[in-house]
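Heads up: the structure comes next, in structure tokens.
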Amino acid sequence: MLASYDWRVRHAGLMAIAAMGKGTRKEVIQDKYHAQLFVVLTPTLEDPEPRVHSHAAPTLIYFCESVARDTLLLYLNPIVERLLKLLNPFGDAGNVMRYVQEQAITTLAIVANASE
214 MLASYDWRVR HAGLMAIAAM GKGTRKEVIQ DKYHAQLFVV LTPTLEDPEP
264 RVHSHAAPTL IYFCESVARD TLLLYLNPIV ERLLKLLNPF GDAGNVMRYV
314 QEQAITTLAI VANASE
């Protein structure tokens, strides 16, 4: 779903993953499938559709908050890099969606807290 050409399908895929992250116990998803999840979720922060990459950020929150710190550190650099790009992706502040920036800042704060 996350590789679909249709942004609505990618968005729906993220919603499904977010629901799993929010609605399951940590050991069911995060402990067993963190490698697959982070590898799939991290690139969605660079999706060309703002609605998709802004939803990718809170989806990551569910997994960053509940995965072990040492596990999160394995994926921290690419996650932070992409979140920082969302703050000013084209070097032109006029083209940035405010809701995307707000979500990126919130996610950065939560990821930083989870990695301490």
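Here the sequence shown stands for residues 214 to 329, numbered as in my numbering.
Where is the CB? At the ideal position from N, CA and C, for every residue including glycine.
Take the alpha-carbon of leucine 227 and the one of phenylalanine 276: they are about 12 Å apart.
By the beta-carbon neighbour count (other beta carbons within 10 angstroms, threshold 16), alanine 216 is exposed.
Between alanine 269 and leucine 258, the CB-CB gap stays under 9 Å.
The three-state secondary structure of leucine 300, taken from DSSP, is helix.
For the 9 Å CB-CB criterion, alanine 327 and arginine 282 form a contact.
Following the DSSP letters along the chain, one finds proline 256 in no alpha helix (DSSP H), marked with neither H nor E. Threonine 255 is positioned such that its CB atom lies no closer than 9 Å to that of isoleucine 230. Judged by their CB atoms, isoleucine 318 and leucine 300 are nearer to each other than the 9 Å cut-off. Between arginine 295 and aspartate 260, the beta carbon gap of about 10 Å keeps them out of contact (Cβ cut-off 8 Å).
Looking at the backbone, the Cα of alanine 325 and that of tyrosine 312 are separated by about 20 Å. Straight through space, the alpha carbons of histidine 266 and tyrosine 246 are spaced by roughly 21 Å.
Secondary structure of glutamate 329 (DSSP, three-state): coil.
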